[in-house]
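Worksheet: one structure, shown below.
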Amino acid sequence: MTTIWSGLATGALYSLVAIGYNVVLLASGVVNFANAYLIMIGTFLAYVGLVDWGLPVAVTVLLAGLAVAVIAVVEERIAIRPLLRRHGTHAALITTVGVGTLLGGIASKIWGTEPLKVPSPFSSDPLTLFGGTIQRNDLVLILLVLALGVGLHLWSRKTLLGLASLATAENRQAAQARGLNVRALGIGAFALAGLIAGLFAVFVAGRTYAHFHLGETLALFGFVAIAIGGSGSQLGGLIGGFTIGLLYAVTARYVGDSYPQIVVFGVFLLILLTRPRGLFGGAAERQV
Numbered sequence: 000m001t002t003i004w005s006g007l008a009t010g011a012l013y014s015l016v017a018i019g020y021n022v023v024l025l026a027s028g029v030v031n032f033a034n035a036y037l038i039m040i041g042t043f044l045a046y047v048g049l050v051d052w053g054l055p056v057a058v059t060v061l062l063a064g065l066a067v068a069v070i071a072v073v074e075e076r077i078a079i080r081p082l083l084r085r086h087g088t089h090a091a092l093i094t095t096v097g098v099g100t101l102l103g104g105i106a107s108k109i110w111g112t113e114p115l116k117v118p119s120p121f122s123s124d125p126l127t128l129f130g131g132t133i134q135r136n137d138l139v140l141i142l143l144v145l146a147l148g149v150g151l152h153l154w155s156r157k158t159l160l161g162l163a164s165l166a167t168a169e170n171r172q173a174a175q176a177r178g179l180n181v182r183a184l185g186i187g188a189f190a191l192a193g194l195i196a197g198l199f200a201v202f203v204a205g206r207t208y209a210h211f212h213l214g215e216t217l218a219l220f221g222f223v224a225i226a227i228g229g230s231g232s233q234l235g236g237l238i239g240g241f242t243i244g245l246l247y248a249v250t251a252r253y254v255g256d257s258y259p260q261i262v263v264f265g266v267f268l269l270i271l272l273t274r275p276r277g278l279f280g281g282a283a284e285r286q287v
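Under numbering that gives the first Met the number 0, the letters of the sequence shown match residues 0 to 287, in that order.
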């Protein structure tokens, strides 16, 4: 059971990235690959707040959330909005990769290339649940990500603002013609995704190190998570992330440390071949 808990904790990281991807995707139609790098920046800010400045955990969480939200809004304003207006979502998607690379380079210049240990906000004494052990930080991370994913799913399906975001992602021009403020929805989505990345960064850092390569790993497996679960589906991204974490942990435990990535990407390719829109993605019908 300890292996299962470890897989769920790792999967929570990938689900968190997938949730951030879908928040922006549902409002603007863009997969923001830089979202994983925003989480990485958040872990460094957590280190600064907790270690360098000695701030309380609650203050550090709040400041990291606000700071990363501002960075996300700047990204939307400078790198995304002009391309959406002129060239559409495909060009904007490529730009987000560049923004992520830029954030990784900035992080390495400011904080160096050595991993930084961020203290966990919880006791290091593990808990025993259902016959397995799990760190308190990991359990909180799992529960928070589950609550976030389910909450955002309900928000996007049950509220007017959530439905407006879905309409904007489906067709920006039609949504704008209907009177929706697509620009405000786009800014709000980036701000929300950045806020989530910053708020959760303390808990992410409690499981990982603050390192400039962290964004690359999270970006890759977060994309695999939404591909497996279905892009645009918060529940799909949630399940996809946890599935990857469980596959990785179980394969490493019972097959060997050299095989987890092979198994994960094997499942990824199998799902792409059999269900190209993911397990929870629906077919879209368009007039041509």
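Positions of the beta carbon are idealized from the N, C-alpha and C atoms, including for glycine.
Find the nearest neighbour of L12 within the set M39, V149, G130 and V29, judged by alpha-carbon distance.
-> Here residue 12 refers to the residue found at position 13 of the sequence shown. Comparing Cα-Cα distances from L12 to each of M39, V149, G130 and V29, the minimum goes to M39.
Going by other Cβ atoms of all chains shown within 10 Å of its Cβ, with 16 needed for buried, is A283 buried or exposed?
-> What you label residue 283 is simply residue 284 of the sequence shown in a count that begins at 1. Summary for A283: the model assigns pLDDT 43, below 50, so the residue's position carries little reliability, and this model does not support an answer.
Taking all protein chains shown into account, decide if E75 is buried (16 or more other Cβ within 10 angstroms of its Cβ) or exposed.
-> As a working note, residue 75 is residue 76 in the sequence shown. Counting Cβ neighbours within 10 Å, E75 comes out buried, since at least 16 surround it.
Inspect the CB distances between the segment 4-22 and the segment 126-140 and report whether three or more fall short of 8 Å.
-> yes
Runs of alpha helix (DSSP H) wholly within the segment 0-39 (minimum 4 residues, chain order) | 1-27
Simplified DSSP state of L184, which is helix, strand or coil = Taking the first residue of the sequence shown as 1, we reach residue 184 at position 185. If DSSP states are grouped into helix, strand and coil, L184 belongs with the helices.
Sheet register partners of I133 (DSSP bridge) | Here the question's residue 133 lines up with position 134 in the sequence shown. Bridge partners of I133: L126.
Could you tell me the distance, in whole angstroms, from the CA atom of K108 to the CA atom of L219?
-> Reading the sequence shown from its first residue, position 109 is the one you call residue 108. Reading the sequence shown from its first residue, position 220 is the one you call residue 219. Roughly 23 Å separates the two Cα atoms.
Give the straight-line distance between the Cα atoms of G104 and F199, rounded to the nearest whole angstrom.
-> The count along the sequence shown starts at 1 and reaches residue 104 at position 105. The count along the sequence shown starts at 1 and reaches residue 199 at position 200. Answer to the nearest angstrom: the Cα atoms are 22 Å apart.
How far does the alpha helix (DSSP H) with Y247 in it reach, from first residue to last?
-> For the purposes of this step, residue 247 is identified with residue 248 of the sequence shown, where counting begins at 1. Run containing Y247: Q233 to Y253, per the alpha helix (DSSP H) assignment.
Go through its chain and collect everything with a Cβ distance to A204's Cβ below 6 Å, but skip five positions before and after it.
-> For the purposes of this step, residue 204 is taken as the residue at position 205 of the sequence shown. T42, A45 and V117, listed in sequence order.
Are the beta-carbon atoms belonging to Y208 and P114 less than 9 Å from one another?
-> On the sequence shown, residue 208 is found 209 positions in, with the first residue counted as 1. On the sequence shown, residue 114 is found 115 positions in, with the first residue counted as 1. Result yes, Cβ atoms of Y208 and P114 sit closer than 9 Å.
Going by DSSP, what residues sit across from L49 in a beta bridge?
-> Position 50 of the sequence shown, counting from 1, holds the residue named residue 49. Its beta-bridge partners do not exist; DSSP assigns none.
Mapping DSSP to helix, strand and coil, what is L115?
-> In the sequence shown, residue 115 corresponds to position 116, counting from 1. Here L115 sits in strand by DSSP.
Buried/exposed call for Q286, threshold 16 Cβ in 10 Å = Residue numbering aside, residue 286 sits at position 287 when the sequence shown is read from its first letter. Low per-residue confidence applies at Q286: pLDDT is 40, beneath 50, and the placement is therefore not dependable, though the value from the model is reported in the following sentence. The residue in question, Q286, is exposed, as its Cβ has fewer than 16 Cβ neighbours within 10 Å.
Bridge partners - A209, DSSP secondary structure assignment = By one-based count along the sequence shown, residue 209 stands at place 210. Per DSSP, L115.
Rounded to the nearest angstrom, how far is the Cβ of L278 from that of G229, given a contact under 8 Å?
-> As a working note, residue 278 is residue 279 in the sequence shown. As a working note, residue 229 is residue 230 in the sequence shown. With 8 Å as the limit, L278 and G229 qualify as a contact, their Cβ atoms being about 6 Å apart.
What is the DSSP secondary structure of P55, reduced to helix, strand or coil?
-> Along the sequence shown, read from residue 1 onward, the residue named residue 55 stands at position 56. P55 falls in the coil class under three-state DSSP.
Distance between beta carbons of A33 and V16, contact taken as under 8 Å | By 1-based counting over the sequence shown, the position of residue 16 is 17. By 1-based counting over the sequence shown, the position of residue 33 is 34. That pair is no contact at about 11 Å.
Using three-state DSSP, classify R80 as helix, strand or coil.
-> Looking up residue 80 in the sequence shown gives position 81. Of the three classes helix, strand and coil, the one that applies to R80 here is helix, per DSSP.
Cα-Cα separation, P81 to A192 | Translated into the one-based positions of the sequence shown, residue 81 becomes position 82. Translated into the one-based positions of the sequence shown, residue 192 becomes position 193. When rounded, the distance between both Cα atoms is 20 Å.
Less than 9 Å separating the beta-carbons of G148 and G236?
-> Start at 1 with the first residue of the sequence shown, and residue 148 comes out as number 149. Start at 1 with the first residue of the sequence shown, and residue 236 comes out as number 237. Their beta carbons are under 9 Å apart, which means G148 touches G236 by this criterion.
Can you tell me whether DSSP reads P275 as helix, strand or coil?
-> The residue given as residue 275 occupies position 276 in the sequence shown. Of the three classes helix, strand and coil, the one that applies to P275 here is coil, per DSSP.
T242 to L272, Cα distance in whole Å?
-> What you label residue 242 is simply residue 243 of the sequence shown in a count that begins at 1. What you label residue 272 is simply residue 273 of the sequence shown in a count that begins at 1. In this structure, the CA atom of T242 is about 18 Å from the CA atom of L272.
Should G239 and A224 be called a contact, given that it needs their Cβ atoms to be closer than 9 Å?
-> Counted from its first residue, the sequence shown places residue 239 at position 240. Counted from its first residue, the sequence shown places residue 224 at position 225. Yes.
Buried/exposed call for S122, threshold 16 Cβ in 10 Å | Position 123 of the sequence shown, counting from 1, holds the residue named residue 122. With fewer than 16 other Cβ atoms within 10 Å, it is exposed.
With a threshold of 16 other CB atoms inside 10 Å of the CB of P275, please say whether the residue is buried or exposed.
-> The count along the sequence shown starts at 1 and reaches residue 275 at position 276. So P275 ends up on the exposed side.
So is L213 buried or exposed if we call it buried at 16+ other beta carbons inside 10 Å?
-> The residue given as residue 213 occupies position 214 in the sequence shown. Buried is the call here.
CA-CA distance, V96 and P55?
-> Sequence index remark: in the sequence shown, residue 96 carries index 97 (1-based). Sequence index remark: in the sequence shown, residue 55 carries index 56 (1-based). V96 and P55: Cα-Cα distance of roughly 33 Å.
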